Amino acid sequence: MSRELIQTTTRLTDALRKSSALALMVSHNVAAKVGLNMTDLECLDIIQMSGSVTAGELARRTGLSTGAMTTAIDRLVHAGYAERQDDPNDRRKVLVTTRAEHMQTLWQIYAPLQAAMERLYEGYSEDELRTIATFMEQAATVSTAFARSLQAE
């Protein structure tokens, strides 16, 4: 590996670490602003991105026990951000979905960040954005595998 490549990969690793730490700080501050804890906020984000998810799937994706997940879902339902619905395809399952009217509060909080990111995207070509998106998706896959390996120990 060339010296320049080593410097670039070190810079990229440092940027990813900094981004991860800042994402945690954003989550912490947003969660506090709406009266949730960070775990509940991140679970809510997974639910929102999935459209709907079972408690078991959410537990698997977060690494939380099913008991801890039930408690987190209870808190989200009580706070009005989520609801349980019967799975139309399997009467034994319950799906967790977000409640759009309450998600509006979160979207308003995140709106300035989203606008700033969209301005940032404007500085890149479509091909560059596609490359960045692919890299970030692959980095998420690597991080997911690492998190699962830690849970398995």
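So the number in this note's numbering is just where the residue sits in the sequence shown, counting from 1, plus 5. Just so you know, even glycine gets a beta-carbon here, dropped at the ideal spot from N, CA and C. What you are looking at is a predicted structure, and each value in this text was computed from that prediction instead of being measured.
{"Query": "Beta bridge counterpart(s) of D91 as assigned by DSSP", "Result": "V99"}
{"Query": "Cutoff 8 angstroms; reference A73; Cβ partners in own chain excluding five residues on either side", "Result": "A64"}
{"Query": "Endpoints, the alpha helix (DSSP H) within which E62 is located", "Result": "A60 to T67"}
{"Query": "Minimum Cβ-Cβ distance from F140 to chain B less than 8 angstroms", "Result": "Protein chains in the displayed structure number just one, and chain B is not present."}
{"Query": "Helix, strand or coil at G128 according to DSSP, with G and I counted as helix", "Result": "coil"}
{"Query": "Coarse secondary structure for Y115, derived from DSSP in three states", "Result": "helix"}
{"Query": "Rounded separation between S25 and V39 - CA only", "Result": "21 angstroms"}
{"Query": "Three-state class that DSSP yields for N34 in the structure shown", "Result": "helix"}
{"Query": "Neighbourhood of R66 by C-beta distance below 7 angstroms, restricted to the same chain and skipping five residues each side", "Result": "I51"}
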